[in-house]
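Taken in sequence, the protein lines are chains A and F. For the first sequence, the positions run 0 to 540 when numbering that gives the first Met the number 0 is used. For the second sequence, the positions run 0 to 210 when numbering that gives the first Met the number 0 is used. Even for Gly, the Cβ is constructed at its ideal location relative to N, Cα and C. Predicted, not measured: the structure shown is a model, and the values here were computed from it.
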Amino acid sequence: MSEEEIEKLLAEAGDGQLDEAKAAQLKDLLGRDDELTRRFGLVVTLDRLLALYFSRDEGQKFSQDTVQRIRLQQEVESGELFASAVVERLERRKRKRRVWFGGITAAAAALVLAFIGWNEKNADEGFPVVATIVGSETGADIAGITRGLVAGNRVVFDEGLLEVEFVTGVTVVLNGPIDFEITGTNSGYLHHGRLVAEIGDERGEGFTIDGASGRLIDLGTKFGVAVEPSGEMEVHVLEGVVDAETASGSKTRLKKNEAMRLTGKSSRLLPKADKGAFVTKLPPKADSVQNYVRWSFDEEEGEICHDTGKGLGDGKAAARFQVDVEGGEEPKRIEGPFSGAIHLGGRAYLASRFEGIGKTQSRSVAFWVRVPKDFGANEGFGVVSWGSYRTTGTAWQVAINSLEEEGLPGRLRIGTNPKEVVGHTDLRDGKWHHCAVVLYGDAEGRASAGTHVLLYVDGRLESTARKSVLAVNTDLDRQLNRDDHGAWIGRNLAYRDGMSPGRAGKYFRGSLDELVICDWALGHDDVNALMKLNHFAGNDD
Amino acid sequence: MWQNGCVGTNTQEMKGSGENKQENFPGRDEMVVQAKKGDLAAFEQLVRQEQDGIRAFLAVRMARTDEAEDLAQETFIVAYRELGQFDSGRPLRPWLIGIAHNLLRNHLRKFRPEPIGGDEELQKMFDGYLSLQRGDGHAAEVFVYLDECLAKLEGKAREVIEARYLKGETIMEMRKKSGKGHSALTMYLHRIRETLGSCIEGKMKYAGEGN
Chain A
0 MSEEEIEKLL
10 AEAGDGQLDE
20 AKAAQLKDLL
30 GRDDELTRRF
40 GLVVTLDRLL
50 ALYFSRDEGQ
60 KFSQDTVQRI
70 RLQQEVESGE
80 LFASAVVERL
90 ERRKRKRRVW
100 FGGITAAAAA
110 LVLAFIGWNE
120 KNADEGFPVV
130 ATIVGSETGA
140 DIAGITRGLV
150 AGNRVVFDEG
160 LLEVEFVTGV
170 TVVLNGPIDF
180 EITGTNSGYL
190 HHGRLVAEIG
200 DERGEGFTID
210 GASGRLIDLG
220 TKFGVAVEPS
230 GEMEVHVLEG
240 VVDAETASGS
250 KTRLKKNEAM
260 RLTGKSSRLL
270 PKADKGAFVT
280 KLPPKADSVQ
290 NYVRWSFDEE
300 EGEICHDTGK
310 GLGDGKAAAR
320 FQVDVEGGEE
330 PKRIEGPFSG
340 AIHLGGRAYL
350 ASRFEGIGKT
360 QSRSVAFWVR
370 VPKDFGANEG
380 FGVVSWGSYR
390 TTGTAWQVAI
400 NSLEEEGLPG
410 RLRIGTNPKE
420 VVGHTDLRDG
430 KWHHCAVVLY
440 GDAEGRASAG
450 THVLLYVDGR
460 LESTARKSVL
470 AVNTDLDRQL
480 NRDDHGAWIG
490 RNLAYRDGMS
500 PGRAGKYFRG
510 SLDELVICDW
520 ALGHDDVNAL
530 MKLNHFAGND
540 D
Chain F
0 MWQNGCVGTN
10 TQEMKGSGEN
20 KQENFPGRDE
30 MVVQAKKGDL
40 AAFEQLVRQE
50 QDGIRAFLAV
60 RMARTDEAED
70 LAQETFIVAY
80 RELGQFDSGR
90 PLRPWLIGIA
100 HNLLRNHLRK
110 FRPEPIGGDE
120 ELQKMFDGYL
130 SLQRGDGHAA
140 EVFVYLDECL
150 AKLEGKAREV
160 IEARYLKGET
170 IMEMRKKSGK
180 GHSALTMYLH
190 RIRETLGSCI
200 EGKMKYAGEG
210 N
């Protein structure tokens, strides 16, 4: 072939004009000539970068549109755009070479993150529904929306939990941030995020989850899957058997309590399945308000803070001001988000004879907190606590984390000694934040055994590395009969008079308001109602 | 037309902004801290700083610019979502490219785009060429120098390049306007691209030698 003919082939390759015959000719030449391969690579690269260079928007449009998409996505998740999102049609894939979004309307269309398929199918157009949304803890109201999902629909959200049931009886609990695509009656593609799949009956056998690094086939079981932004994938078998296949085709059968990491070309077994890394079910819905203790701190004066709850305090839950044995300033009454509040200066706390909620029982704690900007490393333990600190799993202490090896400081934390779950929102800004900690269920699905922990800050579910604390067995007997105290507000449960308090310090420093302890798992609605209205969402007769 | 001395005549010019490709830009750490707290204005600043690198990385790997741009935006959306996991002590670009790489892999697996010339092997040869270049930041570096080299393109060459890439005209449309033949126009575009390529390679070589 002449030099001129070679140049012509390169020219056509560089302009995207090669037909199959010419592509075959060029391929043959490239296989024999490294320099020609370099030139070919460069002209194709330049063709594509020139297209980008001249099609990109000037100035800040790309970044503005990106942030706009994030904002709208947040609105979708907060419920404001959720219903409209369901009926929106996604049009972005129709466009040919174009200059990016034309404005807010286009951005909104592209932002139809929840339940919209790339292929623009939806149940209203006659495509068969293959799965249904059956529960939400995303903060979005799903009551009035079409919940039917068709193959090609994609479920994307940043925070919270969503439960989807396939027509084959398989239930999938999606844990945000997540991008999950429904691909068929018995399959899905996890782009990134974390989910737990459980087969209901034989119809669901063979349920398949694909990801960038491999494929998982459920053979009648329950398993957790996580796909990281890098595309690497982990599977943890909670019950039964799963076949794991890497993208390169290598297969492994995994049994209960086994786990594997898939990286596309290879895989490796992990020491054991990590049950604490997955949420296997949504909190149960309570039909009505049950029993609770509430300290509103609304008394105008005095050292007693009364319990205004019902059914739980049994007349013993009034909390009394206490100061450190070595002296200190008493708690101060201040203004809070709802009337009076209490400020603890770091040398004082409140003690009650309310015993707390014991053993593995579901429970919730909700409160307003203001953490000072100059919050110190030994001033976070604890906001409220009960149980005993002497054996594993017997403590229950809600705190602001100050132990860096266990999570970022200044974040909401629940500890059971020695396990803990730590949130991600930094509370050290001197402002009021509403917090809630919810305990319910467990990986095996036993309602009586609470190990799942959800943390909420300002009404939004926190992203946490751990989803549960194993072996919760809050010990009330030892607390009452040997340690001789009830629930504490503002004191480290691990600190005993006359002894070293350890690195976490003796007392909490900050302000508290509307502290509520419930003997059931609060749902997202209740948490938000407490935050916005200072009462539960459910019936409180 | 093309100005003389495109390659290696002025030290200041040659060093260009391509040097800065993997370093943390001023104020980045504070922006990351603020963005992690949910400050979208700070995150937008990060996007502005990093967008060209990510867009270029994806654009060279995808035949369609609009799809590459979609994926670039998704890269930043995922990054915002996952920012809590980013180690602030490390450079941001490789982390972003890791996310872009994952999204790209998913995209290619799902949509199976047409390979170059409809030929899988030719596509693999191009992929092989990309993998031999200097790291994942190669495309970003080429993009920076493309800007500098294009700035020197004048006259007829500039008109032709803009007709093809800015106005999106086909060769057929360009033929009608110019009266030139298909082969002549294709070859003319090719020569312009090769000239740009030489300019860019010269600048990259010069920067790589530490001058």
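Any beta strand (DSSP E) of 3 or more consecutive residues that is wholly inside the region 367-413 of chain A: 383-386 and 394-399
What's the gap between the Cα of ALA156/F and the Cα of ARG55/A? Answer to the nearest angstrom: the Cα atoms are 20 angstroms apart.
Provide the residue(s) that pair with LYS309/A in DSSP beta bridges, ordered along the chain. TYR291/A
Please determine, among GLY489/A, ASN400/A and VAL224/A, the residue with the shortest C-alpha to C-alpha distance to GLY414/A. The residue with the shortest Cα to Cα distance from GLY414/A is ASN400/A.
Which residues, in chain order, does the region 104-131 of chain F contribute to contact with chain A at a C-beta distance below 9 angstroms? ARG104, ASN105, ARG108, LYS109, PHE110, PRO114, ILE115, GLY116, GLY117, ASP118, GLU120, LEU121, MET124, PHE125, GLY127, TYR128, LEU129 and LEU131
For the alpha helix (DSSP H) that LYS7/A lies in, which residues bound it at each end? 2-13
Which runs of the beta strand (DSSP E) fall wholly inside the region 450-524 of chain A and span at least 3 residues, in chain order? 451-456 and 508-517
Give me the Cβ distance between TRP519/A and SER384/A, rounded to the nearest whole Å; I'm assuming they're in contact under 8 angstroms. That belief does not hold up - the Cβ atoms of TRP519/A and SER384/A are roughly 20 angstroms apart, past 8 angstroms.
Name, please, each residue of chain F whose Cβ falls closer than 9 angstroms to the Cβ of ILE208/A. Neighbours of ILE208/A on chain F: none; closest Cβ ~13 angstroms, over 9 angstroms.
Simplified DSSP assignment, three categories, for THR44/A: The three-state secondary structure of THR44/A, taken from DSSP, is helix.
Using a Cβ-Cβ cut-off of 8 angstroms, state whether LEU70/F counts as contacting chain A. no
Any C-beta of chain A under 8 angstroms from that of ILE76/F: Yes, its Cβ sits closer than 8 angstroms to a Cβ of chain A.
Presumed contact (8 angstroms Cβ cut-off) between SER212/A and ALA246/A, rounded CB distance: 6 angstroms
Please classify SER510/A as buried or exposed, where buried requires at least 16 neighbouring CB atoms within 10 angstroms. Buried, by the Cβ-count rule.
When the cut-off is 8 angstroms and only beta carbons count, does ALA12/A lie next to chain F? Using a Cβ-Cβ cut-off of 8 angstroms, ALA12/A counts as an interface residue toward chain F, since at least one Cβ of chain F sits closer than that to its own.
At a CB distance below 7 angstroms, what residues from the region 29-52 of chain F approach chain A? Give them in sequence order. LYS36, LEU39, PHE42, GLU43, VAL46, ARG47 and GLN50
Who are the neighbours of GLY230/A on chain F, taking C-beta pairs under 8 angstroms? HIS100, ASN101, ARG104 and ASN105
Start and end residues, beta strand (DSSP E) containing HIS342/A: 339-344
If we cut at 8 angstroms on Cβ distances, does SER62/A have a partner in chain F? Yes, its Cβ sits closer than 8 angstroms to a Cβ of chain F.
Looking at chain F, which residues of the region 154-165 of chain A have a Cβ within less than 8 angstroms of any of its Cβ atoms? ASP157
Cβ-based neighbour list, VAL166/A, same chain, cut-off 6 angstroms, excluding 5 preceding and 5 following: VAL129 and THR184
What separation, rounded to the nearest whole angstrom, lies between the Cα atoms of GLY344/A and ALA394/A? 24 angstroms
Around the C-beta of ALA50/A, are 16 or more other C-beta atoms found within 10 angstroms, so that it is buried, or is it exposed? buried
Name, please, each residue of chain A whose Cβ falls closer than 8 angstroms to the Cβ of TYR79/F. ILE69
When the distance is taken between beta carbons, is GLY312/A closer than 8 angstroms to ARG473/A? It should be noted that the sequence gives Thr, not Arg, for residue 473/A. The Cβ atoms of THR473/A and GLY312/A do not sit closer than 8 angstroms to each other.
What first and last residue would you give for the beta strand (DSSP E) that runs through LEU28/A? It is not in any beta strand (DSSP E) - LEU28/A instead sits in the alpha helix (DSSP H) that spans 19-29.
Endpoints, beta strand (DSSP E) assigned at GLU154/A: As written in the sequence, residue 154/A is Val, which differs from the Glu given in the question. Per DSSP, the continuous beta strand (DSSP E) segment holding VAL154/A begins and ends at 153-156.
is_contact[PHE56/F, chain A] using C-beta, thresh 8 angstroms: no
What residue from ARG190/F, ARG163/F, ALA34/F and GLU200/F has the CA that sits closest to SER87/F's CA? ALA34/F
For a cutoff of 8 angstroms on Cβ pairs, would you count TYR164/F as touching chain A? yes
If you pair each beta-carbon of the region 37-49 of chain F with each one of the region 23-38 of chain A, do three or more pairs fall below 8 angstroms? no
How close, in whole Å, do the beta carbons of LEU165/F and PHE374/A come, if the pair is a contact with beta carbons under 8 angstroms? Not confirmed; about 55 angstroms, so no contact.
Among ALA347/A, SER363/A, GLU299/A and GLU325/A, which has the Cα closest to the Cα of ARG332/A? Minimum Cα distance to ARG332/A is reached at GLU299/A.
Which chain A residues are close to GLU168/F, counting only those with a beta carbon under 8 angstroms from its beta carbon? In chain order: nothing, as chain A lies at least about 12 angstroms away.
Kindly indicate which three-state DSSP category LYS155/F falls into: helix, strand or coil? helix
Name, going along the chain, the residues of the region 483-498 of chain A whose beta-carbon falls closer than 8 angstroms to a beta-carbon of chain F. none
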